[in-house]
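Going by my numbering, the residue at position 62 of the sequence shown is 357; the numbering climbs one at a time, nothing skipped. Below is one structure, written out as C-alpha cells, with a few remarks after it.
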Amino acid sequence: ILGSAETLAYSKENPWELIDRVSSPGGTTVAGIVELEDNAFISTVIKGIDATIRKDEELGKK
296 ILGSAETLAY SKENPWELID RVSSPGGTTV AGIVELEDNA FISTVIKGID ATIRKDEELG
356 KK
C-alpha cells in the first residue's frame with residue numbers, strides 16, 4: 296500500500312489509469328478494487344475527506 300501511495304503521489308497519471316496500467320485483468324488488484332467498490336469504500340473515503348475539508352474551512356472562518 297505504501298508503494299502504491301508513493302507512486303500516486305509522484306505520478307501525473309489519473310489513479311484509475313495507473314491501476315489499469317499496472318494491474319492484470321482478473322488479478323488480485325482488480326479483485327480487491329471490486330470488493331472495495333461493492334462495499335462503497337471508495338465513496339466513503341471521499342465523503343470523509345470532504346467532511347474534513349468542510350470542517351477545516353468552517354474552523355478557519357472563526
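We put the beta carbon where it would ideally sit given N, CA and C, even for glycine. In this text the structure is predicted, and so the values were computed from the model without any measurement.
Going by DSSP, I337 is part of the alpha helix (DSSP H) stretching over F336 to G355. A distance below 7 Å between beta-carbons, with the five flanking residues on each side excluded, links L303 to the following residues of its chain, in chain order: P310 and L313.
DSSP, reduced to helix, strand and coil, places P320 outside both helices and strands of the structure shown, so it counts as coil.
Secondary structure at E332: helix, using DSSP grouped into helix, strand and coil. With contacts defined by Cβ atoms closer than 8 Å, S318 and V325 form a contacting pair.
Annotation: T339 to L354 spans about 22 Å, alpha carbon to alpha carbon.
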